[in-house]
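Using full-length UniProt numbering, the first residue of the sequence shown is number 1, and each one after it goes up by one.
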Amino acid sequence: SFPPLKNHISPRLLERKPVLVKTVWLAFPTKPVHVCLLLLFATYHELNTETESIEEDSKPPKKNHLQCENKKMPFVSQIKRQTDYNLYSSTTPIVIDNGASNFRIGWAGENDPRVIFRNIVQRPRHKTTGETVSIVGDHDTTLLKYFDCSRSGPRSAFDSNVVYQFEIMEYILDFGFDRLGANGSEIDHPVLITECILNPVQSRSKMAELLFETYGVPSVAFGVDAAFSYKYNQQHGICDKDGLAICPGFTTTHVIPFIDGEPVYKGCSRTNIGGYHVTDYLKQLLSLKYPHHMARLTWEKVEDLKMEHCYIATDYASEARLFQKGSKEAEEKTRCWQLPWVPPPVEEPPSEEEIARKAAIKERQGQRLREMAEAKRSTRINELENQLRGLEFLLQQLEQVAESEIPYFLKDTGYVSRQEIETALAKATQSLRKVKGEPKGEQAEVEEKTDEKYPLVNIPDNMLTQDQLREKRRQMFLKTTSDGRQRAKQKRVEEDLERERKNQLDEQKRLENPELYLGEMRTKYKELCEKVEQRKRLKTNGNHSNGNGMSGGVGRGERLNAAQRERMRLLTTAAFDRGKGEDNFGAKDEDWQLYKLMSKDNDDDDEGPDEDETELARVSSRLQEIDPTFVPKPEPGPSQSAADMPRSRPLTKEDFQILLGVERFRCPEILFHPNLVGIDQTGLDETAGVSMRRLSSKDQVLEERLTNSILMTGGSCLYPGLSERLEAGIRMIRPCGSPIKVVRALDPVLDAWRGASLYAAAVQFPQQTFSRMDYFEKGEDWLRGYQFQYTL
1 SFPPLKNHIS PRLLERKPVL VKTVWLAFPT KPVHVCLLLL FATYHELNTE TESIEEDSKP
61 PKKNHLQCEN KKMPFVSQIK RQTDYNLYSS TTPIVIDNGA SNFRIGWAGE NDPRVIFRNI
121 VQRPRHKTTG ETVSIVGDHD TTLLKYFDCS RSGPRSAFDS NVVYQFEIME YILDFGFDRL
181 GANGSEIDHP VLITECILNP VQSRSKMAEL LFETYGVPSV AFGVDAAFSY KYNQQHGICD
241 KDGLAICPGF TTTHVIPFID GEPVYKGCSR TNIGGYHVTD YLKQLLSLKY PHHMARLTWE
301 KVEDLKMEHC YIATDYASEA RLFQKGSKEA EEKTRCWQLP WVPPPVEEPP SEEEIARKAA
361 IKERQGQRLR EMAEAKRSTR INELENQLRG LEFLLQQLEQ VAESEIPYFL KDTGYVSRQE
421 IETALAKATQ SLRKVKGEPK GEQAEVEEKT DEKYPLVNIP DNMLTQDQLR EKRRQMFLKT
481 TSDGRQRAKQ KRVEEDLERE RKNQLDEQKR LENPELYLGE MRTKYKELCE KVEQRKRLKT
541 NGNHSNGNGM SGGVGRGERL NAAQRERMRL LTTAAFDRGK GEDNFGAKDE DWQLYKLMSK
601 DNDDDDEGPD EDETELARVS SRLQEIDPTF VPKPEPGPSQ SAADMPRSRP LTKEDFQILL
661 GVERFRCPEI LFHPNLVGID QTGLDETAGV SMRRLSSKDQ VLEERLTNSI LMTGGSCLYP
721 GLSERLEAGI RMIRPCGSPI KVVRALDPVL DAWRGASLYA AAVQFPQQTF SRMDYFEKGE
781 DWLRGYQFQY TL
């Protein structure tokens, strides 16, 4: 459980206007939702909190506070808020290491910062209320069920190590001061804040404006983080007063020469490469290598993999060749990250009792289905018998009705003529025989003769009235359709007989010489596959060509082939046809081929692919029957069913492993060769040489003193092998025999804050600050000449 909530709320927030969202009081400023110090959220159904309801026109209470009885509401940040803020006097400075990666804040004179968090801000929306909130630093992953973070990524206030988004910077400072324990709307302590080397005056003036006018800071001092780290290590004897500070940071790398303990600004150099680029490069390589695990390769996880497994190769080319050969040493250097994997359950063979039980269940289910089918069949038989009796009775009644009165007599029955009733009677009789399982009668018994069924077909038109002519056209259409069905049925019977004959011949060939028959079938299957694939490619890429690789479609300057000219003629004829004269379309089966000829995809070989695909399916089915090793080729496409797709092997433990081999040294190599990621700048060793050349000093002794005390500081200098590689690179650009000594800071990450803490606790520190009165009197331009003195 959490302590009392009132101890975790900044008075700077409590002085602002509160807003009630569902059952939680949140403090909002006048600008868009600004809840970066503390965010509490809950819903009535999840936490069952009861709050005091207020009306819209009611005034807020005099003392603003969080009205909630439940003390187990989760915080956005898990960083503990300091409680000893009031124990420090107003003269104790606050030290801030404002790094592009992490924000560190604490009290002067202490060895470690009090609060450390990532220097990012995220502004998601609440899924229920739609309100936008600000989350500073890392947050708990359980927040994703309350907030929509898909449209709001983490934002930084930095651009190449320079602060330029001061709205985000204000969120970060608010959160940092609150976690430090600030209880008022103003910060009455001097502030020492770090910045990059040669920080632009615009960025420095905006930071001073933010600290002086928003927080009411009495005085401010600006210092370079790498310089503080160098001086801190100098006091501990790690480096000399003359030397080089190489600081590979988050987005940039700086090289600062020191002479007599002070940085020489004209000799500084910068390369736009840092730890961010290494992490991003590693993330890209792993995402391309394991695309099915891309969701697990988050930025935070890749950052951990980089810090834990990456190293700097002494000789990049030889190390790469080592992995290219796949030697045993390369296997030993490969690291494996095992993702969570649950093995599939092992299926044990069922016992005899289980088999018998399933067989009994299957038998009972089959018996129940048979009973249901029998009941349904009996019901259907009764319905058909009743229908037959009704139709027979209706025909008997028609015998007693005059021919002229038949339409009036059949008005309420749903039939219009005696022929329609007789046709329905024949169909019902045939259906009844089919349901009972009796053999079908001869066609002559079921259907009427053609002359009796279509009496007007053979009568000339000049002997018929207008109504009879319409009836004649209807009968001709019905007769043509019926004849077409009969011909199609006869064709199917003939095809079945031909297929049966081919199967018998194939079986006879197989029995005579099985090996020869199997080889012929495989050869035929391969030829048919190639033919079908070629036809599909032609259809996809365009099945008409004019011989020059151009499409053969209709267009200016292109010649039409015979099929295309015929298609154009048919389209023109159909467009200008107004239906004059007698319409006999459909009397022949060939008439319906017109639409196929008019189709745009029609060509001379249109019937070929269908026959080939049918034969291919037959050969494939035959091979599956006689050859157990035969595997048909998959046919990808949206029309392919899941049952036809080839079954993939079950996933194993190895499928959930991410191997880090050449990536371990390939990604950090961009610190020395930024061109690997498309950055046309110098690496660490060359940047150090550029920095020494900028000093324009011909004193060989001074250059030797600089190279004899090279300090590496910053979060990106923690890779194993970096010191040796940097020393080898600098030795290549220095004269033979020059002394070169490369050392790493005691703590490359925290030494900048610790050095600033020592300087802020010194007696001379107030003399180097820029007071609030100076800011209002001299303005922002005075900061142009401000320079911190690092020698106490």
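Glycine included, C-beta positions come from ideal geometry on N, C-alpha and C.
DSSP three-state assignment for residue i, whether helix, strand or coil
{"i": "alanine 245", "result": "strand"}
{"i": "glycine 683", "result": "coil"}
{"i": "leucine 47", "result": "Note that leucine 47 scores 31 on pLDDT, short of 50, meaning its location in the model is unreliable; the coordinates nonetheless yield the value given after this. DSSP places leucine 47 in helix when its eight states are reduced to three."}
{"i": "threonine 132", "result": "strand"}
{"i": "glycine 414", "result": "coil"}
{"i": "valine 162", "result": "strand"}
{"i": "aspartate 260", "result": "coil"}
{"i": "cysteine 736", "result": "coil"}
{"i": "serine 219", "result": "strand"}
{"i": "cysteine 529", "result": "helix"}
{"i": "threonine 429", "result": "helix"}
{"i": "isoleucine 459", "result": "coil"}
{"i": "phenylalanine 117", "result": "strand"}
{"i": "valine 763", "result": "coil"}
{"i": "leucine 369", "result": "helix"}
{"i": "residue 794", "result": "It is not possible to answer for residue 794, since the shown part of the chain is limited to 1 through 792."}
Whether residue i touches residue j by CB criterion (8 Å)
{"i": "residue 801", "j": "glycine 714", "result": "Missing from the structure shown is residue 801; the chain here goes from 1 to 792 and no further."}
{"i": "leucine 432", "j": "leucine 384", "result": "yes"}
{"i": "isoleucine 105", "j": "valine 121", "result": "no"}
{"i": "arginine 179", "j": "arginine 81", "result": "yes"}
{"i": "leucine 745", "j": "threonine 194", "result": "It is worth fixing the name first, because residue 745 is alanine in this sequence and not leucine. Taking 8 Å as the Cβ cut-off, alanine 745 and threonine 194 do not qualify as a contacting pair."}
{"i": "threonine 83", "j": "glycine 223", "result": "no"}
{"i": "isoleucine 740", "j": "leucine 244", "result": "no"}
{"i": "serine 757", "j": "cysteine 268", "result": "no"}
{"i": "serine 156", "j": "alanine 100", "result": "yes"}
{"i": "arginine 380", "j": "valine 416", "result": "no"}
{"i": "leucine 478", "j": "glutamine 468", "result": "no"}
{"i": "residue 793", "j": "glycine 721", "result": "What is shown of the chain runs 1 to 792, which leaves residue 793 out entirely."}
{"i": "arginine 255", "j": "lysine 283", "result": "The sequence shown places valine at residue 255, not arginine. Not in contact: valine 255 and lysine 283 (Cβ atoms no closer than 8 Å)."}
{"i": "arginine 694", "j": "lysine 266", "result": "yes"}
Assumed close pair residue i, residue j - CB separation to whole angstroms, cut-off 8 Å
{"i": "residue 800", "j": "threonine 279", "result": "Since the first and last residues shown for the chain are 1 and 792, residue 800 lies out of range."}
{"i": "histidine 220", "j": "leucine 211", "result": "The residue you asked about is not histidine; residue 220 is valine in the sequence shown. Between leucine 211 and valine 220 the Cβ distance is about 5 Å, and since that is below 8 Å, they are a contact."}
{"i": "glycine 109", "j": "alanine 761", "result": "4 Å"}
{"i": "proline 257", "j": "leucine 706", "result": "6 Å"}
{"i": "leucine 616", "j": "leucine 518", "result": "About 17 Å separates the two Cβ atoms, so there is no contact after all."}
{"i": "leucine 660", "j": "threonine 334", "result": "7 Å"}
{"i": "valine 677", "j": "isoleucine 670", "result": "5 Å"}
{"i": "glutamate 319", "j": "phenylalanine 665", "result": "6 Å"}
With 16 other Cβ atoms within 10 Å as the buried cut-off, status of residue i
{"i": "leucine 783", "result": "buried"}
{"i": "aspartate 685", "result": "buried"}
{"i": "residue 814", "result": "Residue 814 lies beyond the residue range present for the chain, which begins at 1 and ends at 792; the question has no answer from this structure."}
{"i": "aspartate 412", "result": "exposed"}
{"i": "histidine 236", "result": "exposed"}
{"i": "cysteine 736", "result": "exposed"}
{"i": "proline 407", "result": "exposed"}
{"i": "serine 53", "result": "Note that serine 53 scores 33 on pLDDT, short of 50, meaning its location in the model is unreliable; the coordinates nonetheless yield the value given after this. Exposed, by the Cβ-count rule."}
{"i": "serine 716", "result": "buried"}
{"i": "threonine 481", "result": "exposed"}
{"i": "glutamate 170", "result": "buried"}
{"i": "arginine 565", "result": "exposed"}
{"i": "valine 217", "result": "buried"}
{"i": "phenylalanine 765", "result": "buried"}
{"i": "isoleucine 168", "result": "buried"}
{"i": "leucine 87", "result": "exposed"}
{"i": "serine 234", "result": "Note that residue 234 is glutamine in the sequence shown, not serine. With 16 or more other Cβ atoms within 10 Å, it is buried."}
{"i": "phenylalanine 393", "result": "exposed"}
{"i": "histidine 189", "result": "buried"}
{"i": "lysine 472", "result": "buried"}
{"i": "glutamate 703", "result": "buried"}
Min CB distance residue i to chain B below 8 Å
{"i": "arginine 705", "result": "As a matter of chain content, chain B is missing from the structure shown, which is built from one protein chain."}
### Query
When the Cβ atoms of the segment 221-228 are set against those of the segment 254-263, are three or more pairs found closer than 8 Å?
Counting C-beta pairs with one atom in each stretch, the segment 221-228 and the segment 254-263 have three or more that are closer than 8 Å, which means they touch.
### Task
Could you say if the segment 344-355 and the segment 305-324 meet the contact criterion of at least three C-beta pairs nearer than 8 Å?
The segment 344-355 is not in contact with the segment 305-324.
### Message
Could you check whether the segment 757-775 touches the segment 81-101, counting it as contact only if at least three pairs of C-beta atoms, one from each stretch, sit closer than 8 Å?
### Response
Output reads yes: the segment 81-101 touches the segment 757-775.
### Contact the segment 141-156 vs the segment 124-131: 3+ CB pairs below 8 Å
Counting C-beta pairs closer than 8 Å gives three or more between the segment 141-156 and the segment 124-131, which meets the contact rule.
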